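Taking it in order: structure first as structure tokens, then the write-up.
There are 2 protein chains.
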Amino acid sequence: MAGTIRGIRTFDIRFPTSRELDGSDAMNPDPDYSASYVVIDTDAPDEVEGHGFAFTIGRGNDVQTAAIKALEPALIGRDLQHTLDDLGGMWRELVHDSQLRWLGPEKGVVHMAIAAVINALWDLKAKRAGKPLWQLLAELTPEQLVDLVDFRYLSDALTPDEALDILRRAEPGRAARAAELCEGGYPAYTTTPGWLGYSDEKLRRLCREAVDLGFRQLKLKVGADLADDVRRMRIAREEVGPDIRIAVDANQRWDVGTAIDWIRELAPFDPWWVEEPTSPDDVLGHAAIAQAIAPVRVATGEHVANRVVFKQLLQANALSYLQLDAARVAGVNENVAILLLAAKFGVPVCPHAGGVGLCELVQHLAMFDFVAVSGSMEDRVIEYVDHLHEHFVDPVTIRGGNYLAPDRPGFSAQLRPETLVEYAYPDGPVWTSNGRGRMHE
Amino acid sequence: MAGTIRGIRTFDIRFPTSRELDGSDAMNPDPDYSASYVVIDTDAPDEVEGHGFAFTIGRGNDVQTAAIKALEPALIGRDLQHTLDDLGGMWRELVHDSQLRWLGPEKGVVHMAIAAVINALWDLKAKRAGKPLWQLLAELTPEQLVDLVDFRYLSDALTPDEALDILRRAEPGRAARAAELCEGGYPAYTTTPGWLGYSDEKLRRLCREAVDLGFRQLKLKVGADLADDVRRMRIAREEVGPDIRIAVDANQRWDVGTAIDWIRELAPFDPWWVEEPTSPDDVLGHAAIAQAIAPVRVATGEHVANRVVFKQLLQANALSYLQLDAARVAGVNENVAILLLAAKFGVPVCPHAGGVGLCELVQHLAMFDFVAVSGSMEDRVIEYVDHLHEHFVDPVTIRGGNYLAPDRPGFSAQLRPETLVEYAYPDGPVWTSNGRGRMHE
């Protein structure tokens, strides 16, 4: 089918979540969950659009949106089929733009803008193929998958040949695992009970409800006050018993020494992992913490800027669980690289989700990993937070503590048209009524 | 003197340097050197303005400028004297903004925007004090200097007490070293001969001219083609003899293994250091390269995102020379932290310069380091490139291969008013005449 990319439309979408303290943690006391949203328009007769976004937490969502718009000249007028047939080439062209890369390189606002655009192109490709993204990816050949990956800066840890070997080993079992996935779904864990802004009573009630809903792991935010954390951890452990895993998440609050001391105080309550104990840039710091707090495990990744930092975290034995993010590294292609790195090092991937639409995106990546890369769900869980799903055209479905495999074509990235109007910042009705929006700037 | 900050003005300034291949290297073939420029306006009776900028190389300078403008709400209406008296507090407030930090954290476009604003505030403070910035900093007490630094994520490598010790040890010699600096200047090295786009003949002539001008170190760009690099390195060595240091700069072109192989081919020509051999995020990669290529030394820093990555490069023995950048990390305050880290680990700081105005800025930081931190010029050189100085109100002065100490008040950051008009993008006359500007987008 002939067609070219006509252009992109961008939207600054913000949800006033800070009004309710949903999403509050030790580093992010007042987030307004936001999407810097992009739609790719084509002139193909099927009129299919690609949708994608970067997730931010409020201020700066306009800067993020400007960065996405700055990528439009690289897209406009491109042959659509050729572009979708070579998304590895498209990724390299965007990431290695000789002038834009100066603004990173491969990190921050520009890299997240590339994530939004690359993910929107994958959404478009999957919709045109009539398949959910996880299935589209899991049906590519090992050679096609390796071609999506830029091995620059990775070859000391993972070569294209090693990546091919990993994918070929998983190939014979693909069909059986896809059937298993469609039958039973993929395990989730919930962060819903654990926000810092909640009362002890609410924590207790939400822990109980989580277990009743079938979750086998939940997560508490920690890091603001040690005595509070010990009390909340005790309450949660009392409430769920010894068999439910309780992870804790410090959201980068600590220095290396503080992290070690703090986690030792929580250790009697058997935390499953400690997440983001310190700066996401501190590979050596994570390694030191991991060594000191074992057998408690370290997890990190939602703020890891790119595959080069993940490579080092794996090389340094700095994490036990790798938490990829769908829209911080540069989209699907870079996450295929990260899944391959994790498989090479034998580290389970447990994606970061929550925010706006991150659950919708990462489910596809974890399911692709199960079917075609690691071939395992053992010790693997996808984060689940019950925020804002109602704004999506194809929201996640959780049943019995599991994500059900999406079956609609695309990347589940599309916001409802009315949401794009109502939550537009700063002029949508949610932000202008009562003048409340202005208070948040 | 009473006054408040009234607001900031931003300017997208671009120089069409790609037309001449000045500044071409293996990763940046066609840069248009650009400044995302900011002026801080106050209502104080002295009408002094603060000037600062982020340096970019063309596309995306508009996004960078939007990020600077996004910081205005944090500045507007602030008491001027109180703000300038507590730039440590101002830095923390900007860097740890609970919503904006999501876009980094502490890296990329938002962090560089903070650099521009923080540096502009220092320019303002130094102008009001009637002193060049290096001198203003070098006259602060050790306690005042430590108060500028955010030790978050650093305490496993450098504590406030250790920083105080370093500064107190340097205190008795400050006056003598300041006099020495004003007398003799600070050694420079030149990158002018070594751009990839130049012919062998031009390389030869520029090497000769550099030595004639008094430079004792020069630098060649490498990394695009090994045979070319061997030939160019041979030419340069022939031309300058054995006593002039020749550094090479790969601008992140290589993977770890390639870097090691390539540098071994250049080793017969005695390269002084190899700069940016691989990804600036790859601490472990730099450490592996450093170990493999010794006694050739590794230098890096111009793209190191923040103090946490510098901390690790030092902890891992991954570099022999630390090349701080004035406007990539978050300005003066973060560079004080980096100078202290380098002093703690005994690694010489040789700042990155060139671009637009980076020579003007970094001279102040290196001179402050000499007077009040490391107390030494041994093995230390400031990069010098002879581009675009004519656009500055207070350009650097090089004599006999040395930077002369600036004596005008401020941070030497101010562009000439006519430059702000002529090089404005996309509507200034440089970009609209002949329609040439549009060709570069």
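One line per chain: the protein sequences are A and B, in this order. Each residue of the first sequence is one higher than the one before, counting from 2 in my numbering. Each residue of the second sequence is one higher than the one before, counting from 2 in my numbering. For every residue, glycine included, the Cβ atom is placed at its ideal position computed from N, Cα and C. These figures come from a predicted structure and were not determined experimentally.
Counting along the chain, glycine 195 of chain B sits inside the beta strand (DSSP E) bounded by residues 187 to 195. Fewer than three Cβ pairs drawn from the stretch 64 to 78 of chain B and the stretch 369 to 384 of chain B lie within less than 8 Å of each other, which leaves the two stretches out of contact.
A straight-line Cα-Cα distance of about 44 Å links alanine 414 of chain B and tryptophan 263 of chain A. Residue-level contact check: valine 350 of chain A does not touch chain B, since none of the beta carbons of chain B fall below 7 Å from its beta carbon.
Within the DSSP bridge table, the entry for glycine 411 of chain B names B/Pro133 as partners. Between the alpha carbons of aspartate 86 of chain B and tyrosine 187 of chain B lies a distance of about 29 Å. The alpha-carbon of histidine 365 of chain B is positioned some 17 Å away from that of valine 150 of chain B. Between the C-alpha atoms of aspartate 47 of chain B and arginine 233 of chain B there is a straight-line separation of about 53 Å. When Cβ pairs closer than 8 Å are counted between the two stretches, the stretch 11 to 23 of chain A is seen not to touch the stretch 95 to 107 of chain A, the count staying below three. In the DSSP annotation of this structure, the continuous segment of the beta strand (DSSP E) that includes glutamine 218 of chain A starts and ends at 218 to 222. DSSP places glycine 78 of chain A outside both helix and strand once states are collapsed to three, so it counts as coil.
By the neighbour-count criterion, in which 16 or more other beta carbons inside 10 Å mark a residue as buried, serine 280 of chain A falls on the buried side.
Using a Cβ distance threshold of 7 Å, alanine 171 of chain A and alanine 114 of chain A do not count as a contacting pair. Residue pairing by DSSP places asparagine 403 of chain A opposite A/Pro188 and A/Arg400 in a beta bridge. Runs of the alpha helix (DSSP H) spanning 4 or more residues and lying entirely within the stretch 93 to 147 of chain A occur at 109 to 130 and 134 to 139, in chain order. Rounded to the nearest whole angstrom, the CA to CA distance from threonine 84 of chain A to methionine 91 of chain A is 7 Å. Three or more beta-carbon pairs separated by less than 8 Å link the stretch 250 to 270 of chain A to the stretch 23 to 43 of chain A, which places the two stretches in contact.
Judged by DSSP in its simplified three-state form, histidine 52 of chain A adopts strand.
Per the DSSP secondary-structure output, leucine 416 of chain B pairs in a beta bridge with B/Phe393. For alanine 67 of chain B, the closest Cβ of chain A is nearer than 7 Å. DSSP places glutamate 239 of chain B in the uninterrupted alpha helix (DSSP H) bounded by 227 to 241.
In the DSSP secondary-structure assignment, isoleucine 6 of chain A is bridged to A/Thr43. In the three-state DSSP reduction, alanine 354 of chain A falls in the coil class, being neither helix nor strand. Residue state for valine 150 of chain A is assigned as coil, using DSSP reduced to three classes. Residues Gly224, Trp263, Pro278 and Thr279 of the same chain have their beta carbon placed closer than 8 Å to that of tryptophan 255 of chain B, with the five preceding and five following residues left out of the count. Cβ atoms of glutamine 100 of chain A and glycine 61 of chain B come within 8 Å of each other, at about 6 Å.
Per DSSP, the unbroken beta strand (DSSP E) holding glutamate 384 of chain A starts and ends at 383 to 385. Under DSSP, aspartate 13 of chain A forms a beta bridge with A/Ser37.
Among the residues of chain B, those whose CB is under 8 Å from the CB of valine 310 of chain A are Asp282, following chain order. Interface annotation, valine 330 of chain B: not in contact with chain A, CB-CB separation never under 7 Å.
Straight through space, the alpha carbons of proline 272 of chain A and leucine 165 of chain A are spaced by roughly 36 Å. In chain order, Cys208 and Val212 place their CB closer than 6 Å to the CB of valine 241 of chain B, counting only its own chain and leaving out the 5 sequence neighbours on each side. Taking 7 Å as the CB threshold, proline 418 of chain B stays off the interface with chain A. Residue A/Gln82 holds the alpha-carbon nearest to the alpha-carbon of leucine 125 of chain A among A/Gln82, A/Leu214 and A/Tyr190. Residue environment for aspartate 44 of chain A: exposed (fewer than 16 other C-beta atoms within 10 angstroms of its C-beta).
With respect to the 7 Å criterion, phenylalanine 369 of chain A and tryptophan 123 of chain A are not classified as neighbours on the basis of their beta carbons.
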